[in-house]
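Take a look at the structure below.
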Amino acid sequence: MTEFRGAWDEDDVEAFLQEATIPIRLATHRPDGSLWPVALWYRYRDGALECATGANAAVVRFLRREPAVGFDISTNDVPYRGIRGTGTAEIAPDEDKAILRALIERYLGDTDSPLATRLLDDDREEVRVRIEPREIYSWDYSKRMGREAGEKTV
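In terms of our numbering, the sequence shown has 132 at position 150, counting the first letter as 1, and numbering is strictly consecutive.
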């Protein structure tokens, strides 16, 4: 069960995660114990964060060894708002690249770009990274910073 703290309740967090098309910043541990941050596209579904990446990516090796993660999904423009938290990652095959295809459509709008074509190539093996949040802390500086300081919110 996820613990929610901060500026938003669970419904507000879910609304933000559904609306925001900014990458998740994921931190995991390398075998030497040092931290390894990576940015991935995500979608929020059934209380979890789902990402896709190449099966041979370093982050996949690291998560298989140590599934505990930290994460941040936050805006880069004023007014700053977002979430951060901790959780556990699970790796599984991305059958038929279903997660990847959904993420491409979410972030790029369709699968017609050269990037989408390269990512969806039959020779590329994809995995799903499913993050079960343990705790989520939210913040929203909209009132403090004023929306007029920057109309973009996501």
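Glycine included, every Cβ here is placed at the ideal spot set by N, Cα and C.
Between G52 and E117, the beta carbon gap of about 10 Å keeps them out of contact (Cβ cut-off 8 Å).
With a minimum length of 4 residues, the unbroken runs of alpha helix (DSSP H) contained wholly in the segment 12 to 72 fall at 40 to 47. Looking from the CA of P75, the closest CA among P13, K125, V111, W121 belongs to V111.
In the displayed model, I118 falls within a strand according to three-state DSSP. With contacts defined as CB atoms closer than 8 Å, G(-12) and S120 qualify as a contacting pair. One Cα belongs to Y62, the other to L8, and the distance between them is close to 19 Å. The Cβ atoms of W18 and V42 lie no closer than 8 Å to each other. The continuous alpha helix (DSSP H) containing R100 extends over residues 96 to 101. The beta-carbon distance between I73 and C33, rounded to whole angstroms, is 10 Å. This is too long to meet the 8 Å contact definition.
Going by DSSP, R(-13) is part of the beta strand (DSSP E) stretching over -15 to -12. Cβ-Cβ distances below 7 Å link A84 to R25 in the same chain, with the five nearest sequence neighbours on each side left out; the list follows chain order. E(-15) has its alpha-carbon roughly 26 Å from the corresponding atom of S16. According to DSSP, E107 shares a beta bridge with no other residue.
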